[in-house]
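Shown next as structure tokens:
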């Protein structure tokens, strides 16, 4: 059987090979466009022609940026022409920053605050240190008539602001300005906070013997069926982050807290037996 003839390449491929290396890349400029033509071989060893078109734009940049563009290139781009080389440089899209606040807005807010203070100037917002009148101390009409020791004559004193209420007997205290804490401003707020704290303690329960893998979500799923919850605290280790074994639950209603104690005390959870009781013992 005759030997199989060796398959030869076509004459076109031979002529192409005889031509030597690929043609050098060319650059052309046309109507503000830069056209770069390159030749290469693809995966099938066929010659391919690559044409890249760039739009030339002129921008005004700072002096430092213009100086940086004149620096000598190095590395793989040491022999490149001026400008970025697509083979070694990737030009990303421009990123524009949008500031949420500005100095103008901050100054505007301060100006608005001053305007509000000026508008409330006639409503006893300011208090004179000399005569306790509703004006600035520097504009006090009695500042030049002060006695030794910084006192104002009784006949020239202005109306005192924030003084003791009418009918208050100050003769026993010798004219003392002491006001008991229960009568001061904010005493009602403190009493409300104390009553709220006592109300929270009355509806708070303590759960112990929890596993180390317990999370806030697990604890919430455990107590949520008994009623609405106001607060939830799970004790965790600051370094490792695991559960320390106890937690506090503040219910909105005391009946729901009592129901949770009755159902969860002695209940098996995550291979452990829970112990549930009130956070603080109450006489009732």
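Residue numbers (UniProt numbering): 1 to 284.
From the three backbone atoms N, C-alpha and C, an ideal C-beta is built for every residue, glycine too.
Computed from a predicted model, the values in this text were never measured in an experiment.
A Cβ-Cβ separation of about 14 Å leaves residue 77 out of contact with residue 70 under the 8 Å criterion. In this structure the segment 262–271 does not touch the segment 230–237; the number of beta carbon pairs closer than 8 Å is below three. By the CB criterion at 8 Å, residue 80 and residue 73 fall inside the cutoff. Assignment of residue 53 by DSSP, reduced to helix, strand and coil, places it in the strand class. Per the Cβ contact rule, the segment 240–248 is not in contact with the segment 256–264 (fewer than 3 Cβ pairs under 8 Å). In this structure, DSSP gives residue 75 a helical state, which the three-state scheme calls helix. According to the DSSP secondary-structure assignment, residue 58 is paired through a beta bridge with no residue. In terms of CA proximity to residue 27, 50 leads the group 21, 50 and 45.
Beta-bridge partners of residue 33 (DSSP): 30 and 55. In this structure, DSSP gives residue 251 an extended state, which the three-state scheme calls strand. Apart from sequence neighbours up to five positions away, no residue of its chain approaches residue 221 with a beta-carbon distance below 8 Å. When the beta-carbon positions are compared, residue 210 and residue 243 come within less than 8 Å of each other. Counting only the Cα atoms, residue 216 lies some 18 Å from residue 267. Straight-line spacing of the CA atoms in residue 141 and residue 177 works out to 25 Å. For residue 234, the enclosing beta strand (DSSP E) stretches over residues 229–236. According to the DSSP assignment, residue 223 belongs to the alpha helix (DSSP H) that extends over 216–223.
At least 8 Å separates the beta-carbon of residue 59 from that of residue 86. Distance from residue 262 to residue 223 at the Cβ level is roughly 13 Å; contact not present, criterion being Cβ atoms closer than 8 Å.
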